[in-house]
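Asks:
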Amino acid sequence: MTEQNWVINASPLILLGKINQLELVERLASRLIVPQSVTDEIAAGTQDRSIQSTLNWAQRHIHPDIAVPVSILKWDIGAGESQVLAQCMRHNGSKAVLDDGEARAAAQAHQIPLV
Numbered sequence: 077m078t079e080q081n082w083v084i085n086a087s088p089l090i091l092l093g094k095i096n097q098l099e100l101v102e103r104l105a106s107r108l109i110v111p112q113s114v115t116d117e118i119a120a121g122t123q124d125r126s127i128q129s130t131l132n133w134a135q136r137h138i139h140p141d142i143a144v145p146v147s148i149l150k151w152d153i154g155a156g157e158s159q160v161l162a163q164c165m166r167h168n169g170s171k172a173v174l175d176d177g178e179a180r181a182a183a184q185a186h187q188i189p190l191v
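Following this line, the structure appears as structure tokens:
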């Protein structure tokens, strides 16, 4: 398998956590990056058992937030989505795991591969 780095946003993590399938992404990607803004967004949501287990899982893959390029800021998407795209740009060749339509459009405009 070729090396695949994935940068993951909050909603996909939350949904995978709810069905106890977070390990699935660990099997599919060589390296996982969860930006700090993404974990902050997850922590701000409803606290239930699946959210806590998702946060615990995400801690193993957390990366500090970085400066977001102006070209991404112009899209006016959320902080987590912006960080996913910025991290993909920093880690060239990384794939973005996003569910938001506008964020996916921004990724395509920046030639960032999507999962």
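Heads up: the sequence shown begins at 77 in the working numbering, then just goes up one per residue. Built from N, CA and C at the ideal position, the CB exists for glycine as well.
Could you pull out every residue in the same chain whose Cβ sits closer than 6 Å to the Cβ of P140, ignoring the five residues on either side in sequence?
Replies: Around P140: Q112.
Asks: Grab me the residues of T115's own chain with a C-beta within less than 7 Å of its C-beta, minus the 5 sequence neighbours each way, in chain order.
Replies: Excluding positions up to five away in sequence, the list reads L131, A134, I138.
Asks: For E79 and V191, I'd like the C-alpha separation in whole angstroms.
Replies: Their Cα atoms are separated by approximately 14 Å.
Asks: Sorry if obvious, but does the Cβ on A86 come closer than 7 Å to a heavy atom of the ligand NAD?
Replies: Inclusion of the ligand NAD in the displayed structure is not the case, the ligand content being empty and no account of it being possible.
Asks: Using beta-carbon positions only, say whether H63 and I84 come within less than 8 Å of one another.
Replies: Because the chain is modelled from 77 through 191, residue 63 falls outside the range shown and cannot be assessed.
Asks: Would you kindly work out how many angstroms separate the C-alpha atoms of G121 and P88, rounded to a whole number?
Replies: Between G121 and P88, the C-alpha separation is close to 14 Å.
Asks: Residue range of the alpha helix (DSSP H) that L98 falls in?
Replies: Element bounds for L98: 98-104.
Asks: Have a look at L91 and I127 and give me their C-alpha separation to the nearest angstrom.
Replies: Looking at the two C-alpha atoms, the distance is approximately 9 Å.
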